[in-house]
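Scroll down for the structure; my scribbles are underneath it.
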Amino acid sequence: MKIVVFETVSKIIIFSVTAYAWGSAYENIWLMDEFDRGLANGEINIVNVKFSVWPFFVSFILAILYMILSFNMKPGKKFNFLFKIGEFQEGDEREVNITNKATRASHVTFTLATMLAMAIMAFSTGVVYNHPAFPIYLFAGIIITSNIAYAIAYCIEYNR
Amino acid sequence: MEIKNRIKELRARSNLTQKDLAEKVGVTRQTIIALEKGTYVPSLLLAMNIAEVFQEPIEQIFYKGDVE
Chain A
1 MKIVVFETVS KIIIFSVTAY AWGSAYENIW LMDEFDRGLA NGEINIVNVK FSVWPFFVSF
61 ILAILYMILS FNMKPGKKFN FLFKIGEFQE GDEREVNITN KATRASHVTF TLATMLAMAI
121 MAFSTGVVYN HPAFPIYLFA GIIITSNIAY AIAYCIEYNR
Chain B
161 MEIKNRIKEL RARSNLTQKD LAEKVGVTRQ TIIALEKGTY VPSLLLAMNI AEVFQEPIEQ
221 IFYKGDVE
């Protein structure tokens, strides 16, 4: 259970940093497009583009750290890439059952969160105009929400 | 109806720790704890492995009980 909690917290941090990295990159690309649109209309829109690779670099380092720590924490240490990037615990049949239930909870949460995100996007045109990267953060939010649902379901089932 | 078991009693009689039993049947100690608490119903294979460790028929270890 400690591994699942560790992996969920790590993933929340990694997804947040990655979303910030892509979000800030997207906002800068948006500004450059704004400049091009202005030029097409014969106007010069002054835009302030600040592109940084640091968030990408930090998220990459965190992802590598996460994979190494996660690999070392798991018993057996069989390197199965798919299982190592997910928090699937399959030490024995009970853990497989718990993982099944947690995955189901995660799937249902993902579906509901996606439907909610679509509704939020439909009613947030003003927000998207001021913060073009809003859909990227929303998408990261969906993934984080389903990861949290997985961890909660796993911990509840594990402690039963 | 729920499935009850005598694992805790048989384990104590055999002087086995939860960890020992877990290793013998190839599961984690947490699974043995869950079995003893009655919150987890084992697969037929695990039940057979446990019966083999205690040298008892499965029906002597696992039985149907009323929900309290």
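Each protein sequence line maps, in turn, to chains A and B.
Numbering (this note's numbering) for the first sequence: 1 to 160.
Numbering (this note's numbering) for the second sequence: 161 to 228.
Just so it is clear, CB atoms sit at the ideal spot from N, CA and C, and this is done for glycine as well.
Proximity to Ala113(A) across Glu93(A), Asn147(A), Gly126(A), Val128(A) peaks at Asn147(A), based on C-alpha coordinates.
For Ser203(B), the C-beta contacts it makes with chain A under 8 Å involve Glu93, in order along the chain.
At a cut-off of 8 Å between C-beta atoms, Arg160(A) counts as an interface residue with respect to chain B. In the three-state reduction of the DSSP assignment, Asn159(A) falls in the coil class, being assigned neither a helical nor a strand state.
DSSP places Lys184(B) in the helix class (H, G or I) of the three-state scheme. At a C-beta separation below 7 Å, Ala172(B) has no neighbours in chain A, since its nearest C-beta there lies roughly 22 Å away. According to the DSSP assignment, Phe57(A) belongs to the alpha helix (DSSP H) that extends over 54-73. Counting only residues of its own chain and dropping the five nearest sequence neighbours on each side, Phe6(A) has a CB closer than 8 Å to the CB of Leu69, Ser70, Met73.
Residues of the same chain with a CB within less than 7 Å of the CB of Lys179(B), apart from the 5 flanking positions on each side, are Arg189 in chain order. Contacts with chain A (Cβ-Cβ distance below 9 Å) from the region 190-224 of chain B involve Gln190, Thr191, Ala194, Leu195, Lys197, Thr199, Tyr200, Pro202, Ser203, Leu205, Leu206, listed in chain order. At least one C-beta of chain A is nearer than 8 Å to the C-beta of Thr188(B).
For Phe222(B) and Val213(B), the gap between their C-alpha atoms comes out near 14 Å. When beta bridges are read from the DSSP output, Gly225(B) appears opposite Glu162(B).
Three or more beta-carbon pairs drawn from the region 13-29 of chain A and the region 123-141 of chain A are found closer than 8 Å, and the two stretches are therefore classed as touching.
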